[in-house]
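Q: Following this message is one structure expressed as structure tokens.
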Amino acid sequence: MPTLMSGDAPMGASQAKYAQVAQDEGQKPLEVEAPSGPLGSGAPPVMRKPAFWAAVLVVALGASVMLSGPAAPPPTISETPETDVPATSYSTPTLRGTEDSTLTALIAENSRLRADLASKGTGGASDEAFSALFEENGRLRAELAQKPASTGGEFDIGAYRAERLAATPPNIIECAEATAGASQEACHLPKERRFEAIQQKGITLWMTGLSGSGKSTIARALEEALVLKYGKVVQQLDGDNVRTGLNRDLGFTPADRDESVRRVGELACLFNGGGVITLVTLVSPYRAARDAARQRHEEQHLKFLEVFMNVPIDEVQKRDPKGLYAKVAAGEIKSFTGMSADAPYEAPLHPEVDLPNRDLSVDECVQRLLDVLRREGVLEGGMTDPSGLPLPPGYVDGWLEDSLHLSGSAAITAKNQALSLPKVRLNDIDVNWLQVLGEGWAAPLKGFMRESVLLQSLHFNSVLIDPFGNQGDAHINEEATNWESTSHASTRASLAVPIVLPITSGTRDAILNSNQRTVALVDKDGKFLGQLHDPEIYNNRKEEIVSRCFGAIDADHPYIKHIYSGGDYLLGGEIELFERITYNDGLDKWRKTPKELYGEFKAKGADVVFAFQTRNPTHAGHAYLMRTGRERLVAKGHSNPVLWLSPLGGWTKSDDVPLDVRVKQHQAILDEGMLDPSWTVMGIWPAPMIYAGPTEVQFHAASRRAGGASFFVVGRDAAGIKGSSVAVTHTDDDMYDANHARFVLQASPLLDDGVMQLLSFDKFFYDKSDHQMKAMDPSREDDFISISGSKMRALARQGAVPCTDPIPSDLLAANCVPQGFMVPTGWAIVCDYYQNVDSGKFVPWSKRVAYNEDRATDAVEEGRFGTTSYSLFPSYQGRTMVSPWHDIPLRSGSHYNFITEIPMYTSAKMEVSKEKYRNPIMQDTNKDGSPRYYTYGVPFFNYGLLPQTWEDPALKSAEGYGGDNDPLDVIEVGDGPLPMGSTTPVVVLGSLELIDEGETDHKIIALRASDPRASSVRSLDDLERSSPGLTARLVDWLKMYKTSDGKGINQLANNERPTSASEAEAIIAECEQRWRALLAAPNARPEFWLPH
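When we follow numbering that gives the first Met the number 0, the leftmost residue of the sequence shown carries the number 0, and every step to the right adds one.
What follows is the structure, given as structure tokens:
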């Protein structure tokens, strides 16, 4: 009985009985105090009336009976928790059935009144009133006990949860920027920005399956790989860890299981939206609950993949890692998921990932899930493609090739404006690199390297990037080099080779003196290819580049030779192309940009692409690598791996197999079935080969990622070359160890983000027993033979035919090629090349086949332009194939006739052949017989001759030098190019006297008579006023133009002072007389073709 405190009013029998009932209901003994405060005399009158308390107690005690009741025994646990730990009794309340919508309010009111009664006593109400209330309470108990048993006599917590969840959610406004009923995303950092910053995306892998199916084990291994190897943020939500806190109030009833899935699903959404890779490992047996979790993700546009741990019941019973199945068999657990009718497991109908891990190791399962995450684009923070194929590094708003190629009116306008810009000459290798840049093969690089970018490439084989601008450095590699900069973007992109544009001092000066922020890019044939913005000029430190890139300084190395032959300065800046670069060599249909290749891969339904680079004809060994690579990817769980057969198309050394031979042979391989065209795409890769071994192969692999490849096939001696003739040690070895390239590639930062991987192969051999290429079987070593490249070349030169069984050990002696080594048409193509190596009919690498677009329309051409067989015969006044030296008169009225040999902007050194019939304009040659080009820069003048003149070697200058034995040369400085072979009247302004290798070589400076300035510009002084600095540029060109070919500086007579116009005309007159004397004595120069 409660103890009455001193001074308390006596407790009536009914009050005391109520106190006893309350105590029996599981409460602590009530210490009923004397009424005071609101229950005493100071309380409002209504609170002192028995009727008031009768109403209160009817409500309060009724609710108390419903909630408290006699103590129920602990519930029977039908399935132990996820981990086999000592059982814990959860005191689950057995709430009497009610559907009263005010239940929650009654519970709260009952609790308050209990507290009031316990602390303030029951004074102020008569015993009779309490007795009546108590009896009324008993009657209510009886009525409640007899209510329809719609919930089995107990409160249906599942139905209650469903009712509350079905109610309309409250209109929550999280911040001032959001509005009621609308999305609250304005209050949060956008998911996309978060993903970009943390370099990964959120996803939920909902791993469901029977107990013992490997959910937790595989998830932990996957988490370890993602965190430790790739640096990703991962959270596992396991049945064990959530039951210690979040779900500790839940049992294993169907309703509690559903609630567990719901709570974990909501938590997974939060993690997922924050960019966390979330691994949910719950049995989650009910399909509807899993679908509800999926729906919550979909409503919030979050990635959700259901992973079915597809392990049959007999297998998990064998595993039984927690001993639960043994307890079921022993009868200790009466109801267990998947083992009893009342606890079914509803397997997924269409899971995104079906993981039959009974047949796979943990590592294989992890690899499959990693591949899934790659396809989903989760391991990258930026945009991804629905196909799952990776996008290029730094991909933000679209394909780089789209932003770097002008089109339509923008291209036309820019090309016209380029005529007035400083011009930079690009040689054929430079054009290869320009194509690499313009098409996005070196993404995220947008132009030739600035000095800061080059240094990063040389020292780290990578560059800092902030593609999304999260650190404020979105254009870090497009800004002028700043030695004081402390910017340090958080991400790197692999970029291992120097992509630079060498220029001469003449080009440097032209840019610096122009005050222009854009320069035009012009190829050797005068074609305007594009423009470069915000030029940055810096020293070409050739030895630093060579030593860092190649790891050796070898003057005989072919690409090192190219580097050494370049200008002494480098030009960096971002580029735009006026049009797509094509080569007109019959191979353009196989040249495909990254965007085009990506589209072809998707059209074939590729779920992964693996790239195979080649610069040799494809034989059975290569096909073995490609087929085996595909088989490996299928074994990894990919459904349709597509091969990207990627022949290198840029510059290669002279003894490599020509590009057209390789490409046509590859096509034969596809046509005749050695490779399956249904899963193969061939596309020429445009970069030059620089033979830098381990350094270069990193670029090869990274560049293929730009086209959508996730795997790169790498074998022995990738990007290798023979050893140096000046090597100090290992003089007979190759420059790089055959294993170094693939090892370095495996260890390179390129693989850090998990998007790019390797398919690595060791040496393979021809198996004589089945005519297949494969790895050697040591148990039958005699069945295998090695067919080296040198042996293949020798067999092709001999026109070897297919062998018959048994395969001879000496193939060269038998002059046969093993069966299956190469398809017949492909072998015929290879034989044709090696038997006609010196024919000149092949396309060695991607060099633009130019057509002489800048020629006189009435001129007659013979041979192919750009080769030493080309000839052009001018026409004059209706006569065709005239001699430009002898048949066209020197004068045209008061002007002189100028014959154009080299149009402005073109670099091919064309000149009249004094020896050939009718003196055609032909391609000059170097000492090795190759076509000769000006390399000092883009010619800013038209160059040619004055007909009917001759600089007689017998005519000595004041310095004692005789004439150069040629017609008088003319530099025409009008506006724009004149067609090759055209005749143009000009005004003579003066001349410069070049001393060229001990000969006098006058350069007459003239202006076309049709130029608007011709009436006022009559001398070089007038020209200087009209075009300041032009004469100085001419002087520099004449002195320096051979230095870019490794020759010395020329000298100019008269202290580099040009002559006057009258002095120049006197020189012309003298040379005209010398020409007439030449015609009068033809036998004096029998080597010349002279008219008779």
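We treat Cβ as the ideally placed atom computed from N, Cα and C, and that holds for glycine. This structure is a prediction, so every number in the text was calculated from the model and none was measured.
(1) Grab me the residues of Leu-372's own chain with a C-beta within less than 6 angstroms of its C-beta, minus the 5 sequence neighbours each way, in chain order.
(2) Can you name the start and end residues of the beta strand (DSSP E) that Trp-205 belongs to?
(3) Using only CA atoms, which one of Glu-222, Ala-224 and Leu-403 lies nearest to Lys-594?
(4) Please report the Cβ distance between Gly-620 and Phe-763, rounded to the nearest whole angstrom; I am assuming they are in contact, meaning their Cβ atoms lie under 8 angstroms.
(5) Inspect the beta-carbon positions of Arg-626 and Pro-640 and report whether they are closer than 7 angstroms.
(6) If you count every other CB in all the chains shown that lies within 10 Å of the CB of Thr-1058, and 16 or more means buried, which is it?
(7) I'd like to know if the segment 895 to 909 and the segment 929 to 937 are in contact, where contact means that at least 3 CB-CB pairs between them fall below 8 angstroms.
(8) Hey, how far is the Cα of Pro-348 from the Cα of Arg-262?
(9) Can you tell me whether Gly-819 is helix, strand or coil according to DSSP?
(10) Considering only C-alpha positions, which residue in the set Leu-209, Gly-238, Ala-1068 and Thr-277 is nearest to Val-232?
(11) Candidates Asn-431, Ala-473 and Leu-1077: which alpha carbon is nearest Asp-396's?
(12) Please say whether Asn-309 and Asp-370 have beta carbons closer to each other than 7 angstroms?
(13) Where do the N-terminal and C-terminal ends of the beta strand (DSSP E) with Lys-321 fall, by residue?
(14) Under the assumption that Gln-697 contacts Ala-495 (Cβ atoms under 8 angstroms), give the Cβ distance between them as a whole number of angstroms.
(15) Would you kindly work out how many angstroms separate the C-alpha atoms of Leu-669 and Val-822, rounded to a whole number?
(16) What does the alpha-carbon distance come out to for the pair Pro-657 and Val-842?
(17) Once the 5 residues before and after Arg-219 are set aside, which same chain residues still bring their CB inside 8 angstroms of it?
(18) Closer than 6 angstroms by C-beta to His-637: which residues in its own chain qualify, once you throw out the five before and the five after it? Chain order, please.
(19) Can you list, in chain order, the residues of its chain with a C-beta nearer than 6 angstroms to that of Arg-1084? Leave out the 5 residues immediately preceding and following it.
(20) Return the CA-CA distance between Ile-202 and Ala-329, expressed in angstroms with no decimal places.
(21) Relative to the alpha-carbon of Pro-883, which residue among Ala-774, Lys-445 and Gly-980 has its alpha-carbon at the smallest distance?
(22) So Phe-303 is in the beta strand (DSSP E); what residue range does that whole segment cover?
(23) Near Asp-362, what residues of its chain come up, given a Cβ to Cβ distance below 8 angstroms and the 5 sequence neighbours on each side ignored?
(24) Taking all protein chains shown into account, do 16 or more other C-beta atoms lie within 10 angstroms of the C-beta of Glu-305, making it buried, or fewer, making it exposed?
(25) Consult DSSP for Glu-998 and reduce its assignment to one of helix, strand or coil.
(26) Taking 7 angstroms as the limit between beta carbons, can you name the residues of its chain near Leu-225, skipping five residues before and five after?
(27) Could you tell me which residues DSSP puts in a beta bridge with His-532?
(28) Rounded to the nearest angstrom, what separates Arg-614 and Asp-567 at their Cα positions?
(29) Tell me which same chain residues have a C-beta within less than 6 angstroms of the C-beta of Arg-193, skipping the five on either side of it?
(30) Is Ala-479 buried or exposed, if buried means 16 or more other CB atoms sit within 10 Å of its CB?
(31) Would you list the one or two residues that DSSP bridges to Met-772?
(32) Quick one: what does DSSP say Arg-590 is sitting in, helix, strand or coil?
(33) To which residues of the same chain is Ser-1026 closer than 8 angstroms at the C-beta, ignoring the five residues directly before and after it?
(34) Expressed to the nearest angstrom, what Euclidean distance is found between the alpha-carbon atoms of Gly-25 and Phe-154?
(35) May I have the straight-line CA-CA distance separating Leu-596 from Val-662, to the nearest angstrom?
(36) Within 8 angstroms, do at least three Cβ pairs link the segment 1004 to 1021 to the segment 963 to 972?
A: Looking at the coordinates:
(1) Leu-378
(2) Where Trp-205 is concerned, the enclosing beta strand (DSSP E) stretches over 202 to 207.
(3) Leu-403
(4) Between Phe-763 and Gly-620 the Cβ distance is about 5 angstroms, and since that is below 8 angstroms, they are a contact.
(5) Note that the C-beta distance between Arg-626 and Pro-640 is not below 7 angstroms.
(6) buried
(7) yes
(8) For clarity, residue 348 is Leu in the given sequence; the question names Pro instead. Answer to the nearest angstrom: the Cα atoms are 23 angstroms apart.
(9) coil
(10) Thr-277
(11) When only C-alpha atoms are compared, the closest one is Ala-473.
(12) no
(13) That residue, Lys-321, is in no beta strand (DSSP E); it is neither H nor E in DSSP.
(14) Yes, they are in contact, since the Cβ atoms of Gln-697 and Ala-495 sit about 4 angstroms apart, within 8 angstroms.
(15) 9 angstroms
(16) 6 angstroms
(17) Gln-235
(18) Excluding residues within five positions, the ones whose Cβ falls inside 6 angstroms are Asp-606 and Val-607.
(19) Excluding residues within five positions, none has a Cβ falling inside 6 angstroms.
(20) Rounded to the nearest whole angstrom, the C-alpha separation of Ile-202 and Ala-329 is 41 angstroms.
(21) Gly-980
(22) 303 to 308
(23) Ala-220
(24) Under this definition Glu-305 is a buried residue.
(25) strand
(26) Lys-231, Val-233 and Ile-276
(27) Thr-517 and Glu-573
(28) 31 angstroms
(29) Gly-274
(30) Ala-479 should be labelled exposed.
(31) Tyr-765
(32) strand
(33) Val-972
(34) Per-residue confidence for Gly-25 stands at a pLDDT of 39, beneath the threshold of 50, marking its modelled position as unreliable; the derived number appears in the next sentence. The straight-line gap from Cα to Cα measures roughly 19 angstroms.
(35) 16 angstroms
(36) Because the criterion of three Cβ pairs below 8 angstroms is met, the segment 963 to 972 and the segment 1004 to 1021 touch.
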